[in-house]
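Participant: So the sequence shown is residues 0 to 277, counted in numbering that gives the first Met the number 0.
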Amino acid sequence: MLSYRHGFHAGNFADVLKHSIVSLIIQALKQKDKPFVYIDTHAGAGKYQLQSEFAQKTAEYQQGIARLWQANSIPEAARDYLAVVRAENTAQLLRYPGSPQLVRRLIRNQDRMQLSELHSTDFSSLQQLFAGDKSVSVAKEDGLQTLLKKLPPIQRRGLVLIDPSYEVKADYRKVIDSLIKAYQHFANGCYALWYPVIDRQVTETMLQRLADSGIRRQLRIEHCVKADGAVRGMTGSGMLLINPPWPLEEQANSLLPWLNQLLTDNQGHWQIVWQVPE
Ligand SMILES: C[S@@+](CC[C@H](N)C(=O)[O-])C[C@H]1O[C@@H](n2cnc3c(N)ncnc32)[C@H](O)[C@@H]1O
């Protein structure tokens, strides 16, 4: 049974990193007129109310998007992401776009989205959010199991976001197995795997399996708000990207110091490294 609900965590420091990187990839895909597809294997509820009982219980967004919301100067690399967050709100920060709503606001008429979500309540919210929207298909399904059936997409270009909740240890193995198989079906695609840093050893073992897979062009972008093991739970998170668009490394180099300053007063640390180069 699934117990994870993203509503508790929406807009936290990990969402900020994930969603700003996703925005940059979508921006790069839009450089060509040709349509693309966005596949979100673990879509969540789509968007979140920050005043809800869920969000207020942990108030994680206060240490995440709320700090960016107040920022005076915004680097180019965070513009699209923050423009969407602003579009979801008026004067006050009350709502937060999850990855589906973020991407929906960024894609064009010719682009498509395919969203999978297993949790009944979050699936219903997602279905309601995109009801009647011809650009978006929503399915209550195991996003990893059904991924292969969607590849290669008819557009032959696109982004696959894999954003599991890692509720069980087996997830760390399962996502890598699925990613390797997906790549065999669609080697030109861009893939973004979100991962937490909770137990450093577990994270490194997972990423090493992918590094050893033979897949080239693996860029790792990670931001830790605390030292490894400093507290129980998540101290950082990252995005492992396969085939990232070319400007992304440079954009991340301007984004990460800014995020680190705003989110941790420069007490955190980050890395942007080619885990496997060209
Ligand atoms: C981290 S949340 C997703 C957040 C979302 N991608 C975002 O950025 O706004 C992970 C979601 O995956 C769902 N989930 C867990 N296992 C799944 C699976 N095998 N297939 C599809 N969804 C799954 C959970 O119910 C949860 O809503």
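Heads up, the beta-carbon is just placed ideally off N, CA and C, and yes, glycines get one too.
1) Look up proline 195 in the DSSP assignment and give the residues it is bridged to.
2) Nearest to arginine 199 by alpha carbon, out of Leu218, Ala226 and Leu192?
3) Does glutamine 217 pass the burial test, meaning 16 or more other C-beta atoms within 10 Å, or should it be called exposed?
4) So alanine 13 and methionine 233 are in contact, right, with Cβ under 8 Å, and what is the actual spacing, rounded?
5) What number of angstroms, rounded off, separates the C-alpha of glutamine 26 from the C-alpha of glutamine 48?
6) Considering only residues of the same chain and omitting the five flanking positions on each side of phenylalanine 7, which have a CB-CB separation below 6 Å?
7) Is any heavy atom in ligand 1 found nearer than 7 Å to the beta carbon of leucine 67?
8) Assign valine 230 to one of two classes, buried (16 or more other C-beta atoms within 10 Å of its C-beta) or exposed (fewer than that).
9) Return yes when the C-beta of alanine 263 is under 7 Å from any heavy atom of ligand 1, and no when it is not.
10) Restricting to runs no shorter than 3 residues, where is the beta strand (DSSP E) found entirely within the region 141-200?
11) Apart from the five residues on each side of it in sequence, which residues of its chain come closer than 7 Å, Cβ to Cβ, to glutamate 248?
12) Might you give, ordered along the chain, the residues of its own chain that have their beta carbon closer than 8 Å to the beta carbon of serine 19, omitting 5 neighbours on each side?
13) Confirm the yes/no value for this check: CB of threonine 202, any heavy atom of ligand 1, distance under 7 Å.
14) May I ask which residues mark the beginning and end of the beta strand (DSSP E) holding leucine 258?
Facilitator: Straight from the coordinates:
1) Residue 195 sits at position 196 when you count from the first residue of the sequence shown. BP columns for proline 195 point to Ser236.
2) Numbered from 1 along the sequence shown, position 200 holds the residue referred to as residue 199. Ranked by Cα distance from arginine 199, the first of Leu218, Ala226 and Leu192 is Ala226.
3) The sequence position of residue 217 within the sequence shown is 218, counting from 1. The residue is buried, with at least 16 neighbouring Cβ atoms inside 10 Å.
4) The residue labelled residue 13 in the question sits at position 14 within the sequence shown. The residue labelled residue 233 in the question sits at position 234 within the sequence shown. Right, their Cβ atoms sit about 7 Å apart.
5) Position 27 of the sequence shown, counted from the first residue, corresponds to residue 26. Position 49 of the sequence shown, counted from the first residue, corresponds to residue 48. A direct Cα-to-Cα measurement between glutamine 26 and glutamine 48 gives close to 26 Å.
6) On the sequence shown, position 8 is the one that residue 7 refers to. The residues are Phe53 and Thr57.
7) Mapped onto the sequence shown, residue 67 falls at position 68. No; taking the cut-off as 7 Å, the Cβ of leucine 67 has no heavy atom of ligand 1 nearer than that.
8) As a first step, residue 230 is located in the sequence shown; it is residue number 231 there, counting from the start. The residue is exposed, with fewer than 16 neighbouring Cβ atoms inside 10 Å.
9) Indexing the sequence shown from 1 puts residue 263 at position 264. Just to set this straight, residue 263 is threonine in the shown sequence, not alanine. Not so, every heavy atom of ligand 1 lies at least 7 Å from the Cβ.
10) 157-161 and 189-196
11) The residue given as residue 248 occupies position 249 in the sequence shown. So the qualifying residues of the chain are Leu218 and Ile271.
12) Here residue 19 refers to the residue found at position 20 when the sequence shown is read from its first residue. Correct list, in chain order: Ala76, Ala77, Tyr80, Leu254 and Leu258.
13) Residue 202 sits at position 203 when you count from the first residue of the sequence shown. Answer for threonine 202: no, Cβ out of range of ligand 1.
14) Against the sequence shown, residue 258 aligns to sequence position 259. Run containing leucine 258: none in the beta strand (DSSP E); it sits in the alpha helix (DSSP H), 247-263.
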